[in-house]
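Note that the working numbering gives residue 254 to position 80 of the sequence shown, counting from 1, and the numbers run on in steps of one.
Each residue gets a CB set at the ideal place from its N, CA and C atoms; glycine is no exception.
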Amino acid sequence: MPRYQATLLIELKEGILDPQGRAVEGVLKGLGHPVEGVRVGKVLEVVFQAENLLQAEEKAKAMGKLLANPVMEVYTLEALKELS
Numbered sequence: 175m176p177r178y179q180a181t182l183l184i185e186l187k188e189g190i191l192d193p194q195g196r197a198v199e200g201v202l203k204g205l206g207h208p209v210e211g212v213r214v215g216k217v218l219e220v221v222f223q224a225e226n227l228l229q230a231e232e233k234a235k236a237m238g239k240l241l242a243n244p245v246m247e248v249y250t251l252e253a254l255k256e257l258s
């Protein structure tokens, strides 16, 4: 069965406070970087098996829905590739 790698990006929804992002922003500003905002998210790379690309996409999206907290996060399937 073919193996696939999905890259999932999980971010806070617009309007949700991001204390970790504010902390990173403060550090960057303290180091002299003129940043105007930082949002912190997660990138997950998941390797799994699927019958074909369509099934792999469905599985990857199902994983994204499970891994993102629907109250405060959204997910994006950034990349999906078949591994050799």
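Task: Straight-line Cα distance separating A230 from L191 - done: Here residue 191 refers to the residue found at position 17 of the sequence shown. Here residue 230 refers to the residue found at position 56 of the sequence shown. If you take the alpha carbons of L191 and A230, they lie about 33 angstroms apart.
TODO: Tell me, please, which residues DSSP counts as bridged to E256.
DONE: Along the sequence shown, read from residue 1 onward, the residue named residue 256 stands at position 82. Y178, per the DSSP bridge assignment.
Task: In DSSP terms, what E185 is bridged to - done: Within the sequence shown, residue 185 is the residue found at index 11, counting from 1. Answer is V248, bridged to E185.
- [ ] Would you kindly report the start and end of the unbroken beta strand (DSSP E) that includes L202?
- [x] Position 28 of the sequence shown, counting from 1, holds the residue named residue 202. From DSSP, L202 is part of no beta strand (DSSP E) but of the alpha helix (DSSP H) over 193–204.
TODO: Check whether the Cβ atoms of I184 and E225 sit closer than 8 angstroms, and answer yes or no.
DONE: Taking the sequence shown and counting its residues from 1, the one referred to as residue 184 is at position 10. Taking the sequence shown and counting its residues from 1, the one referred to as residue 225 is at position 51. In this structure, E225 does not lie closer than 8 angstroms to I184 by Cβ.
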